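Worksheet: one structure, shown below.
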Amino acid sequence: MLVDDSNEDWWKGKIGDRVGFFPANFVQRVRPGENVWRCCQPFSGNKEQGCMSLKENQICVGVGRSKDADGFIRVSSGKKRGLVPADALTEI
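Under full-length UniProt numbering, think of the first position of the sequence shown as 1, with each following residue one higher.
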């Protein structure tokens, strides 16, 4: 659980009864209503079509609504955002 993000490089967090600092660039914030996904198969996305590439077992966060009419989910991973087919993802 995030306790303090006032420093852009180091955040303070709590897990169980332990509290400590960790590098902010090692984590991705998950807001209420967002889902966390694991890529279950590699996907090579076309940037011009708004897609992004993911490696197998890469973790990403679903942003916005869930699956769209074409079967894609808008996700972010690090500083990248794009569409990925829902069948390439497993919710965790």
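All residues carry an ideal CB built from backbone N, CA and C; glycine is no exception.
Since the model is a prediction, treat every value here as computed from it, not as a measurement.
- Pairing Phe72 with Phe43, the inter-Cα distance amounts to about 12 Å.
- The straight-line gap separating the alpha-carbon atoms of Gln41 and Val27 is approximately 22 Å.
- Taking 8 Å as the cut-off, the beta carbon of Trp37 is found closer than this to the beta carbon of Val75.
- Between Cys51 and Leu83, the C-beta spacing is below 8 Å.
- In the structure shown, Asn7 falls within a coil segment according to DSSP collapsed to helix, strand and coil.
- Here DSSP, grouped into helix, strand and coil, assigns Glu48 to helix.
- Shown here for Glu34: same chain residues with a beta carbon closer than 7 Å to its own, the five before and five after excluded, namely Val61, Gly62, Val63 in chain order.
- With contacts defined as CB atoms closer than 8 Å, Ile59 and Ser77 qualify as a contacting pair.
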